Structures are given as C-alpha cells and as structure tokens.
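Quick notes on the structure that follows.
Protein chains in written order, with this note's numbering: chain D, 2 to 452; chain F, 2 to 452.
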C-alpha cells in the first residue's frame, strides 16, 4: 500500500507537470540512445521496490506528455481526470467482460451506455445491439464480418469458398482499417473499391459500404443520404465510421463505429460498434464454449455478452466512458467538441490568408482537421513550381523533427496522393486554448524559417 | 488532484478488503435487481464530483473481488501490486503503441520483452517477431492469418477465392478461439478438424496446426514433438497455444501464443503472439497508412510497429508485464507458478479418494486444472446410473449459484461431451493457500450436502 501510494505520488506530480506549458511535451531520444539511457533489460533475479520506483520515474521521464495542452499529434489527446480515475478503478477491479458472472456492474454499464449511444444516433427506442472492441479498426472489421454473415450465413461454416467474390465500397479517404479488415477476413484488398468510382464490377457481389463521417485526414463527410439510397436499392449493408463527432446523422446505417477515445477524450482504448439488427452478432460469432457460457446458470443469460465477440477475454473499456458521461453529461461532451471545432476554425482563419501558408483544400474545414502547407521564405516565391514542390515536401518532416527535439509541441504531417507533405492539425485536446494555436504557428515559423 | 487522491483512497481500501478472507468474494444480485439498486442512467446534465465518488463506491460494492484468495473462477485471478501500479502508470501516460513517436519507452519495452520471451522458448538468440494483442483469441487468430499468408501470399489482395479450400487442425479440446478465427478469416468452421482424427481430407489443403500446451478445460498437453514431425513433413505451420506455463517446449513452433494474464497473474489484458519468421507480420498486415507511418521520419522506422497489427490504435499492455518481471525476476514467476501447481496437487490428493468425489479423468492433473464431480449423499449410492447422472448434472450449477449468493468463493463448472456438469478448478491466484483449498472443499460439501 505504501508502494502504491508512492507510485500515485509520482503520477500526480507527472499530471501536474503535463498540464504545465513550461514542461516539454517530450524529452526525445533516438531509439538506440534511449536503450542506453537506462537499464531496461529483464533479469532472472528480482529487483527491490526502490528499483521499481526508479523504473517508473525513468519511464515517465521519457514518455510523451499526451495531456500537454500543446500536444496535437493525433485525435487521442488530453487527459480527463474522471476518465483517469475510472481507468484506475478498472485496473483495480481487474476483470473481463465475457460474462455477467465475472463483471456484473461493467456488463450492465455497457448495456446502459450502448443503449444511450443508439438513442443518440436515432435508432427507435435505442434498440439494436453493440459491443466495445479494442479500437476503431476492430470495430470496422466487426461491421464487415456482420455484413458478410447477414448476406451469406453459410460463410461461418463453409468459409469464402461457398460465397461469390465480394465487393466492399468505401470512401476515397476512408481509414486503412477497411483494407486491413478485408485482407484478414479473406475478402482481399482488391475487393475494396473506392466509393468515388461506385460501379458494379462483373462477377463481384457488393455486400458492404463503409461511409465516413469525418475522414481521418481531411475530416470530410461522405454524402450519407445518397449512399443510403444506393445501399437500400442494392440491399447492401451500410456502415458509418463516425470517429469524430456527437452530431450524428447515422440513423440510416446498419452499423456504426463510434470511438469515444477520439473527440470525446476518453482514455485509450474506447471504441464501440453499434449494430441495428438484434441477435446478429451472437449468431455470427457464437461458438458456445461450454466452460464459459453454461446454459444452466441462475441468472438471465442475455447478460453473458462474451459469445458476441471475436475475443474471449475482453478488457473493460466501458467504465471510463460511463463515468465521464456521468461527470460531464451529454451537454458537457457537446461543449468540449464545440470548443475544439472553435479552435480549428480559429486556426483556419488565422492562416488562410497569412503569408507563407497554403491550405490543402479550399473552404472551411468540415471538422477539426486543418490541413496546410507552410512555405518558408526561401521557397515561397520560387518560380520553378516543380522544384518548389520538391523542397516543400521536405519542410514538414524537418519542422516536426525539430519540434520533437526541442519538445515544444507535436503535430502530424503526411503526404496524400500527389500532394507533398502537409501538416495535418487535429484538435481534440480539451486543455488547448487560442494561445496554444498561436504558439503552434509561431513555432512552425521559428523552426522552419531557415528551410 | 484532490479528487484523484480520494478515488485512490477508495481503491486502496477496496484492495485491503479484497485480500481479507472475511470479505465476500461477491455481493451478488440478479441483473434486474442490480439495475434497480443504483441510478446507473446517463443524463444530459453533469453530476458533481461527490456524485462521481458515490458512483465509484457503488461500482466497487457490486464488483467481483478478483483478488480475493478464494476466487478461483478462471485463470485470470489475483492482483499484483506492481502490476496494478504499472497499469495506473499506463493509464496516466494514455498513449498507444502504433509508433515510436507517440510511445517511445513502451515500444522499446515491448521490443525488449518480446525478445526475452523468444529466448525463453528457445529460439536462437531470441530472434523472430511478435506483438501484444488484445487477448489470446486474437493472438491465435493472428497465427492463423500468418500461416495462411505464408502459404498463399496472394490471399491478401485476392481473398480466399484465389486459394484452395484450407484445413486447420487443432487439439480435441483446444480453445474455441480457433473456430472463431476460422469463421472470421473466411476459412469456415468446417475446415477446423480435430487433431485426434488427423487425416488429409480430399480437396482441402492443410495449412495450420494449433497444438495446445495445457488445454482450457483439462490442462492437457498435446504431443508437441510428434505434431512437429507431421507439420514438417507436410510443410504446415505449427502454432502452439501455451496459456498456462513458463516451462515451454515450443522451440519447434512457427508461432506461439503466450498469455501472461493467466498463470503469470499480469492484470488483464496481456497476451503475446511470438512469430519465428521476421518480417512476415509486417508483410501480411501492412497497409502503409501515410498519416501514421511517414517514411521520412528522423528515427529508425523499424520501431514503428503499428503496421504489423490488425488494429490501428493499440493499447499499451506491455508495461505491467515488464514492471512485474523486473520486480519478480524470472525466478519469481517460476516460483509463483510452482506454488499454484503445488496447490492443485494438494487438491487432487485431498479429493481423489475422498468419499463423494470422482475425478473426471484418471491420473494426476497435467497442469493446475483439477476436474471433478461432487456427489451429494442423496445420489451417491444410487443404483440407477442413468438417473444418478441426470441428478448429478444439476448439482454443480446449484452449488455454484449458492456460492455466489453467499459470496464465499467462486469456482467454475461445465459439461464436456457426454460428461455431465463437473467442477473445473483452476488455480492461478497467488494469494491462495492450502487453507483456501480446504475451505473450498468444505464449502462444496456444506452447500451441496442436501442435493
């Protein structure tokens, strides 16, 4: 207990530090350096608790401060104190979600929360099904699995040899997990066809459309109503991946991926798949393991949710979302997301006409993603556009590397198609303010001015 | 911070209580009752921090005390203080494993630990690959995915239509996840064939054998060497699922699932897949998402492990294993497992000749699983063996229900094939002692005497 309290003291100090703008976001070292900076090796002999505290301190020293108000590297940022407390409680309860028997409260809270989520997306009386899975990629894979089973239930026993070649359609800039899912499920990545070229390919049976409300890179929205009409016409499963927002327009979908670990800032991992048809998940995935799902238990077996999952043990991801939802209320989550949208609009307005900046696409961002190039003075006025593009491609990686070496802030960059490396700013950190956006711009210019 | 410390105080009190044999393992209520016992609903309006503390207290009140020395319900039991501290630190660091950029220390610790695990199973110089996945079922699915890709790399793009019908072989009592995996991957459950009837079925190409070192129900070991010879002869991938032990004989395998959240008592979830061939995981699963795995980063990109995984975000499961390993040393883990083996032998010796008990199979258990029937006096001497069997089938469920209502202990039961419900005792709880085994037997007799 003394030991646990000592670790807690370390953690509380780390949290205070993480929110302090004077602290570095990261104390960066290259992998080979970091391997040398501490003794990380595992030994045959035990260490003392003092050694263990030293290991904890070393780990925290070199960790990224993801709660830092100037950490913008991806959609999972920030640290909510209620969410953190809930995660500590979850670890202490140390159980898993496969049956009501071993996780009575958590199973009920999952039931209550999934119902609430289905109500919010507009399914009548919150009816339907769902599960919390280990991340959005797995949720999307579940959706594809269910769509295939719905159209061809024999696939469960007979495999893909009993089924025609399938085609899955997806947004042009959809998340790469759709392809990963298609590869894993034995459908093949060649069967994943971009929605922008929605055609019926001969010999392929369309079974699944994944639309995106807020794409990963640009934050763009697919035309959900139009897609829904097509899905209905061809009797194809419609899945919507709504990572970033609470303002959902997904009541027309067969399934929805909703990741509270993104814009809602629930600690990692927290991803839900919502399914409109009741019973389908159970039919698709159940294998009746008799050592877990005994049929003669003394309570209502519909609360033994484990056989719906691909996993056997399933981590308790629900409590942090549930407790944060209690603490903030639905209006609190909405206000938090609105604030991030406001910050991204502030950033957009600040740079859209600023010298040296160029937006990657025209018009206001549809979500909190702001994609832009920074052109240092040395290349800003180059006449040779090809040469300029080549030089510009190298700007963002160097600025990012310098950000990490100084440890002042972190933001992501990437190329896309024929577009050279641009900054992809996503704002989900509830601790960020207008001043932090100002700082980011100043820092990009300070670190990139000479390039 | 005050709030966090208040939650910690609750948790520390809960931990002390959990280890106290005077405390109930569970304060059981039926689902509908539990829904009424507290207000679990989610509201639009925020709650106060005092309300949040009340919610935490209610959650802990009705949670299972999985650390309790008399909780034997499954292989994930106990609560290690160093493991818990590590999990609290992990939650506080709130990051994910996809790149070195966002999880430098954790990525290195995964690298160090996987190498150590490969050394222990005897792969030369600890070479090979691996990943921590969200549970043993997913690790097994990864193995099957890799085996298929190894034999038919074109399956990634073209799907199962490019591949002959496949056959996967598995232990008679292997874990149900092998079937779940086969269904999900589009192979089909009909392609999963029991090792006990290892035959080459016409038109099916064998690609995968999953052997088990310690089956889920009986704790039995497959003949690994003989299986390995067959795999080599037919050039088939050999996977070994070694949930329960550190004494591994798996150096002959192509892949190994090792679940430290079982016998090693690492907090849930903690499961590793080890793969002998380097580079295969990357080739099989990579999709080159350019917003994560930029090729012009300033550090060694081999530490960006995310594209090996099916998941995008991946929870940090490594730190609790690594920190516990530091604290105990390899010898500490060995001693802990030996103690559990000793307890199960004690249980076996205690009941094998005791009146009213019957073992499910002959001979000493191969692992910590002890499977047995308890025959209450009322049916013990029945001459009608069919009637006896019918009545015996109902005994374990009633005793288990009474255990939960009294909250004194928890142990699992199940039927298997033509065997009626028996108790499946698994011992992995480091807090359990000989006296707790004595208590379990007394409790079974006290609660079942009148049946």
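In this text, a Cβ means the ideal position worked out from N, Cα and C, and glycines have one as well.
All values derive from a computational prediction rather than experimental measurement.
Let me know the beta strand (DSSP E) ranges lying completely inside the stretch 327-359 of chain D, each 3 residues or longer, listed in chain order.
List check, beta strand (DSSP E) in window: nothing returned.
In the DSSP assignment, find the unbroken beta strand (DSSP E) run with residue 420 of chain D in it and report its ends.
In the first chain, counting from the first residue as 1, residue 420 of chain D sits at position 419. Taken as a continuous stretch (DSSP letters only), the beta strand (DSSP E) holding residue 420 of chain D covers 420-427.
Which parts of the stretch 90-170 of chain D are runs of the beta strand (DSSP E), unbroken and 3 residues or longer, counting only runs that do not cross its ends?
You should have 130-134.
Close beta carbons around residue 184 of chain D, own chain, < 7 Å, minus the five adjacent residues each side
Stepping through the first chain from its first residue, residue 184 of chain D is reached at position 183. Excluding five sequence positions before and after residue 184 of chain D, the CB atoms of its chain that fall closer than 7 Å to its own CB belong to 190, given in chain order.
Under the DSSP definition of a beta bridge, which residues are partnered with residue 213 of chain D?
For the purposes of this step, residue 213 of chain D is taken as residue 212 along the first chain, with counting starting at 1. By DSSP's assignment, residue 213 of chain D forms a beta bridge with D:242.
Cα separation between residue 158 of chain F and residue 180 of chain D?
Within the second chain, numbered from 1, the residue matching residue 158 of chain F stands at position 157. Within the first chain, numbered from 1, the residue matching residue 180 of chain D stands at position 179. C-alpha separation (whole angstroms): 9 Å.
Bridge partners for residue 411 of chain D per DSSP, in chain order?
Residue numbering aside, residue 411 of chain D sits at position 410 when the first chain is read from its first letter. Paired residues: D:72.
At a CB distance below 8 Å, what residues from the stretch 369-381 of chain D approach chain F? Give them in sequence order.
Going along the stretch 369-381 of chain D in chain order, one finds no residue with a Cβ nearer than 8 Å to chain F.
With distances taken between CB atoms, is the gap from residue 208 of chain F to residue 144 of chain F smaller than 8 Å?
As a first step, residue 208 of chain F must be located in the second chain, where it is residue number 207. As a first step, residue 144 of chain F must be located in the second chain, where it is residue number 143. The answer is no: Cβ separation not under 8 Å.
Let me know if residue 49 of chain F comes out buried or exposed under the rule of 16 or more other beta-carbons within 10 Å of its beta-carbon.
Numbered from its first residue, the second chain carries residue 49 of chain F at position 48. Residue 49 of chain F should be labelled exposed.
Distance CB(residue 205 of chain F)-CB(residue 195 of chain F) smaller than 8 Å:
Counted from its first residue, the second chain places residue 205 of chain F at position 204. Counted from its first residue, the second chain places residue 195 of chain F at position 194. No, Cβ-Cβ distance for residue 205 of chain F and residue 195 of chain F is not below 8 Å.
Just confirm the distance between the C-beta atoms of residue 73 of chain F and residue 427 of chain F, as a whole number of angstroms; I'd bet it's less than 8 Å.
Residue numbering aside, residue 73 of chain F sits at position 72 when the second chain is read from its first letter. Residue numbering aside, residue 427 of chain F sits at position 426 when the second chain is read from its first letter. In this structure residue 73 of chain F is in contact with residue 427 of chain F, their Cβ atoms being roughly 7 Å apart against a cut-off of 8 Å.
With distances taken from CA atoms, which of F:58, F:314, F:120, F:290 is nearest residue 483 of chain D?
In the structure as shown, chain D begins at 2 and stops at 452. Residue 483 of chain D is therefore absent and cannot be evaluated.
Between the stretch 114-131 of chain D and chain F, which residues of the former have a C-beta closer than 7 Å to a C-beta of the latter?
The residues in question are 114, 117.
Which listed residue (D:146, D:368, D:430) has its alpha carbon closest to that of residue 267 of chain D:
Looking up residue 267 of chain D in the first chain gives position 266. If we check each option's Cα against that of residue 267 of chain D, D:430 comes out closest.
Identify the contact partners of residue 219 of chain F in chain D, using a Cβ-Cβ distance below 7 Å as the criterion.
Reading the second chain from its first residue, position 218 is the one you call residue 219 of chain F. Taking the beta carbon of residue 219 of chain F as reference, no residue of chain D falls within 7 Å; the closest one sits roughly 10 Å away.
If we ignore side chains and look at the alpha-carbon of each, how far apart do residue 387 of chain D and residue 85 of chain F end up?
Along the first chain, read from residue 1 onward, the residue named residue 387 of chain D stands at position 386. Along the second chain, read from residue 1 onward, the residue named residue 85 of chain F stands at position 84. Cα to Cα, residue 387 of chain D sits roughly 55 Å from residue 85 of chain F.
I want to verify the contact list: residues of chain D whose CB lies under 7 Å from the CB of residue 53 of chain F, in sequence order.
Start at 1 with the first residue of the second chain, and residue 53 of chain F comes out as number 52. By Cβ distance, chain D contributes 83, 324, 327, 328.
Who are residue 396 of chain D's beta bridge partners in DSSP?
In the first chain, the residue the question calls residue 396 of chain D occupies position 395. According to DSSP, which records beta bridges pairwise, residue 396 of chain D is partnered with nothing at all.
Within its chain, find whatever has a CB closer than 8 Å to the CB of residue 252 of chain F; leave out the 5 residues flanking it on each side and keep chain order.
Within the second chain, the letter at position 251 stands for residue 252 of chain F. Hits under 8 Å: 122, 123, 124.
Coil, strand or helix - residue 194 of chain D by DSSP
Reading the first chain from its first residue, position 193 is the one you call residue 194 of chain D. Strand at residue 194 of chain D.
Please tell me whether residue 299 of chain D has its Cβ less than 8 Å away from any Cβ of chain F.
Position 298 of the first chain, counting from 1, holds the residue named residue 299 of chain D. Under the Cβ distance rule, residue 299 of chain D counts among the residues neighbouring chain F, one pair being separated by less than 8 Å.
Beta-carbon within less than 6 Å of residue 148 of chain D's beta-carbon, same chain only, minus the 5 sequence neighbours each way: which residues are those?
Along the first chain, read from residue 1 onward, the residue named residue 148 of chain D stands at position 147. Excluding five sequence positions before and after residue 148 of chain D, the CB atoms of its chain that fall closer than 6 Å to its own CB belong to 208, 209, 238, given in chain order.
Give me whichever residues DSSP pairs with residue 258 of chain D in a beta bridge.
By one-based count along the first chain, residue 258 of chain D stands at place 257. Note: residue 258 of chain D sits in a beta bridge opposite D:242, D:274.
For the beta strand (DSSP E) containing residue 284 of chain D, list its first residue and its last residue.
By one-based count along the first chain, residue 284 of chain D stands at place 283. First-last for residue 284 of chain D: 281-286, but that is the alpha helix (DSSP H), not the beta strand (DSSP E).
Anyone know if the C-beta pair for residue 311 of chain D and residue 271 of chain D falls short of 8 Å?
Within the first chain, the letter at position 310 stands for residue 311 of chain D. Within the first chain, the letter at position 270 stands for residue 271 of chain D. At least 8 Å separates the beta-carbon of residue 311 of chain D from that of residue 271 of chain D.
Going by the beta-carbon positions, is the gap between residue 97 of chain D and residue 316 of chain D smaller than 8 Å?
Taking the first residue of the first chain as position 1, residue 97 of chain D is located at position 96. Taking the first residue of the first chain as position 1, residue 316 of chain D is located at position 315. Yes, the Cβ-Cβ distance between residue 97 of chain D and residue 316 of chain D is below 8 Å.
Under 7 Å between beta-carbons, which chain D residues line up against residue 12 of chain F? List them in chain order, please.
Mapped onto the second chain, residue 12 of chain F falls at position 11. Chain D residues near residue 12 of chain F: 89, 90, 93.
CA nearest to the CA of residue 146 of chain D, picked from D:349, D:256, D:40, D:11
For the purposes of this step, residue 146 of chain D is taken as the residue at position 145 of the first chain. Among D:349, D:256, D:40, D:11, the Cα nearest to that of residue 146 of chain D is on D:256.
Buried or exposed, going by whether 16 or more other CB atoms sit within 10 Å of the CB of residue 3 of chain F?
Locating residue 3 of chain F in the second chain gives position 2, where the first residue counts as 1. That one is exposed.
For the stretch 24-40 of chain F against the stretch 395-410 of chain F, do three or more pairs of beta-carbon atoms, one drawn from each stretch, fall closer than 8 Å, so that the two count as touching?
Taking a cut-off of 8 Å for Cβ pairs, the stretch 24-40 of chain F and the stretch 395-410 of chain F touch, as three or more such pairs fall below it.
Hey, how far is the Cα of residue 29 of chain F from the Cα of residue 38 of chain F?
Translated into the one-based positions of the second chain, residue 29 of chain F becomes position 28. Translated into the one-based positions of the second chain, residue 38 of chain F becomes position 37. The alpha-carbon atoms of residue 29 of chain F and residue 38 of chain F are separated by roughly 12 Å.
Please confirm if residue 259 of chain F has its CB atom under 8 Å from at least one CB of chain D.
Along the second chain, read from residue 1 onward, the residue named residue 259 of chain F stands at position 258. Any Cβ of chain D closer than 8 Å to the Cβ of residue 259 of chain F would place that residue at the interface, and such an atom is absent.
Proximal residues, the stretch 224-244 of chain F versus chain D, C-beta separation under 7 Å:
Nothing from the stretch 224-244 of chain F brings a Cβ to less than 7 Å from some Cβ of chain D.
With residue 17 of chain F as the anchor, note down where its beta strand (DSSP E) starts and where it stops.
For this step, residue 17 of chain F is matched to residue 16 along the second chain. Unbroken run through residue 17 of chain F is the alpha helix (DSSP H), 3-19; no beta strand (DSSP E).
Assuming residue 372 of chain F and residue 425 of chain F form a contact by the criterion Cβ under 8 Å, report the distance between their Cβ atoms to the nearest whole angstrom.
Numbered from its first residue, the second chain carries residue 372 of chain F at position 371. Numbered from its first residue, the second chain carries residue 425 of chain F at position 424. Sure, about 5 Å apart at Cβ, within 8 Å.
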